[in-house]
Structures are given as C-alpha cells and as structure tokens.
Amino acid sequence: MMLSRNTRSQSVLLACAGLMLGGCTGAQKSQSITRVPIDLAGGSLPILRVQVNGKPAVFVVDTGAESTLIRPAAARRLGLTIRQTDEKTFDAHMALRRAAGVTFIKSITAGTLELRSQQAWCLDLPLPPGIDGLLSRSAFADVLMTIDYPNKELIAGSGSLPPADGIDVVPVGIHAQSAVRVPVDFEGAQTWFMIDTGFAGSLCLDTAALGRLKTRKISDDHQSSGVNSSIKTSLYRIQSPIRIGRHEFRDVVAVSFPGARNMIGSGLLREHSMTIDQRNRRLRLSK
Numbered sequence: 006m007m008l009s010r011n012t013r014s015q016s017v018l019l020a021c022a023g024l025m026l027g028g029c030t031g032a033q034k035s036q037s038i039t040r041v042p043i044d045l046a047g048g049s050l051p052i053l054r055v056q057v058n059g060k061p062a063v064f065v066v067d068t069g070a071e072s073t074l075i076r077p078a079a080a081r082r083l084g085l086t087i088r089q090t091d092e093k094t095f096d097a098h099m100a101l102r103r104a105a106g107v108t109f110i111k112s113i114t115a116g117t118l119e120l121r122s123q124q125a126w127c128l129d130l131p132l133p134p135g136i137d138g139l140l141s142r143s144a145f146a147d148v149l150m151t152i153d154y155p156n157k158e159l160i161a162g163s164g165s166l167p168p169a170d171g172i173d174v175v176p177v178g179i180h181a182q183s184a185v186r187v188p189v190d191f192e193g194a195q196t197w198f199m200i201d202t203g204f205a206g207s208l209c210l211d212t213a214a215l216g217r218l219k220t221r222k223i224s225d226d227h228q229s230s231g232v233n234s235s236i237k238t239s240l241y242r243i244q245s246p247i248r249i250g251r252h253e254f255r256d257v258v259a260v261s262f263p264g265a266r267n268m269i270g271s272g273l274l275r276e277h278s279m280t281i282d283q284r285n286r287r288l289r290l291s292k
C-alpha cells in the first residue's frame, strides 16, 4: 500500500513517471510511485533500510527467500516477540535448518512505502555485520516493485506491467516454495529459472541445465555463498548465449552443486533494472 498525498499537478507527474516504470512498449496503469535508495553489498546484493515497528533495521531484498528471516538478536533489539518453535526452514542451498523461533512484524516501512506485514523466522544468519535479515518477495506482494541496480533505487508503485509478450515483458511462474521463476532460453530450449536477488552470483545450474549448455569448467573447489549459507561448488564459464526476453547474456560464470536449482542472481542483474508485477505474474528487465 502506498501512502501519499498529492496535488493535482503532482499526480500528473507521478502518472507520467509510472508510465516510465512500466516501459514505453505498453500502457501501465499507475497512480503513484515511491523511490527508496538501496545499497549494493558486494556490488550486487540489494540492501534496504527500513523501519520495523518504528525502529530502524536493515534487510536484504531477497526474492529467492521462501519466507522473511530475521536474526534473533535483531528481533529482540526491535522489541519483537519471539515464539519458540520446532519447525525448520530452508537455507540458500536448500538444506533444512531449525529456526530459533518465529515472530510477527506488524509494520515495515521504507520512507513513505508501507510493506506487507510479515511472519518472520528467527534464524542465526551468516550475514555481513549490520544486516538484520532477509525480506522475502511476499513483503512486496501489494506493490509493483522495481530494483534499479545501476541507480541503486527500489521503486514501488500501485500499477501493473503490460501483458507478457516474451520480449519486453516475460511471464512469471510462482514456485511451490514461493519463488519467482521466469523462462530462460538457451540451446534452442526454454527452462524456468528462479529470480533470486539474495544470490550474489550470476547463475546457478542444476545438472540437467548444465548438461545442455556449452561450458568450460573453471574450478571444483569454489566456495559459493548465499545470504544465509555457504557451500562448496563447481564453477563454470558458460559458452552458450542465454536470453531472458530480449536480453542476451554471454560469457556468464555459473555455479553448480548436487541438488542445485536453476537460479538467476543479482550478479547477472546488476547492470539492469528489474520490475516484478506479482499480482499479474509478469517481469520486465530494462537496461
């Protein structure tokens, strides 16, 4: 939900900006937009400064996270009530980890942007100092969200993207574990990949995708880190071009490991602006 009070002239300007957010290849209905600065940890991971129940906190915007996660120490600092639980949740490499508890975040705001209330798992995360947790895609389910990597902005609006045409706007599939997936074309076939902004690398490949691509192995001893786990992986240079809509990527470095899922990380997206329309299941890359 967007909180704004605009004059008539401001509304006209914001409507024009909304059209730019959706792109000039199709009409986009939008009433207002909010721009919030982000940091890029390691040059790619989007870091958002928010207010949690009125207190400052710092989260990774993680579209690959199954649910919102918060460090127990951060939850206590923010005055959140932690309920003990025996349940487990997945880390970045699909290993089950026992949560220290679960809490409910009633209010999450970034500037004038109000995000959806969240149940959050309390988990000790190997995050860089100063980062309190991960915000999953469900926090942004009510808004049209753009992560503008080059300009270090998160842009949120109340509009929608044009219908998917497979070129400027691609369809989004929602995985059973709440992941945003898009079709990726390579070697004459199409495979669905998860969009994981919490993955600092460019590509992660399962064995089937790896077998279809032309690759050159770089290393068998690469330590790949997600925002909440780390694992030994094999590293490859992809010699086949890959495409997402009209955008072609060449000479991409990818990781693979037993049990890996096909993922696109922030390392591949960092020269682009990415808009996700969860309500209509559409995604757009622009550069």
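Be aware that the sequence shown starts at 6, since it is given in my numbering, and climbs by one per residue. Backbone N, C-alpha and C fix where the C-beta goes; we use that ideal spot for every residue, glycine too. The model shown is predicted, which means the values in this text are computed figures rather than measured ones.
Evaluate residue i with the Cβ neighbour count: other Cβ atoms within 10 Å of its Cβ, from every protein chain shown; 16 or more gives buried, anything less gives exposed.
i	result
N267	buried
P155	exposed
R289	buried
D256	exposed
I223	exposed
G198	Per the sequence presented here, residue 198 reads as Phe, with Gly not at that position. That one is buried.
A259	buried
Along the chain, where does the beta strand (DSSP E) that runs through residue i open and close?
i	result
T196	194 to 201
S261	257 to 261
L53	50 to 57
F254	252 to 254
Look at the alpha carbon of residue i and the alpha carbon of residue j, and state the distance between them as a whole number of angstroms.
i	j	result
L140	Q124	11 Å
I247	V189	7 Å
I179	G69	11 Å
T39	G264	39 Å
F64	G135	9 Å
I110	T86	9 Å
V107	A213	36 Å
My output table needs one value for residue i: the three-state DSSP class, helix, strand or coil.
i	result
P42	strand
R221	strand
R287	strand
A80	helix
S143	helix
P188	strand
Q89	coil
K237	strand
C29	Low confidence applies here, because C29 scores a pLDDT of 40, under 50, leaving its location unreliable; read the following figure in that light. Coil at C29, not helix or strand.
Could you tell me the boundaries of the alpha helix (DSSP H) in which residue i lies?
i	result
G216	212 to 217
L274	271 to 274
Given residue i, which residues of its chain have a CB within under 6 Å of its CB, disregarding the five upstream and five downstream residues?
i	result
G297	Because residue 297 is not part of the residues shown, which for the chain are 6 to 292, the question remains open.
K292	H277
Does the distance between the C-beta of residue i and the nearest non-hydrogen atom of the ligand SAH fall short of 7 Å?
i	result
D190	Here there are no bound small molecules, and the ligand SAH is not part of this structure.
Please list, in chain order, all residues of the same chain as residue i whose beta carbon is under 7 Å from its beta carbon, the five residues on each side excluded.
i	result
A144	T73, I113, L120, R121, Q123
T220	Y241, R242, I243, Q244
D225	S239
Between residue i and the rest of its own chain, which residues show a CB-CB distance below 8 Å, the 5 nearest in sequence each way excluded?
i	result
G27	Legend: pLDDT at G27 = 41, less than 50; position of this residue unreliable, no value from coordinates given.
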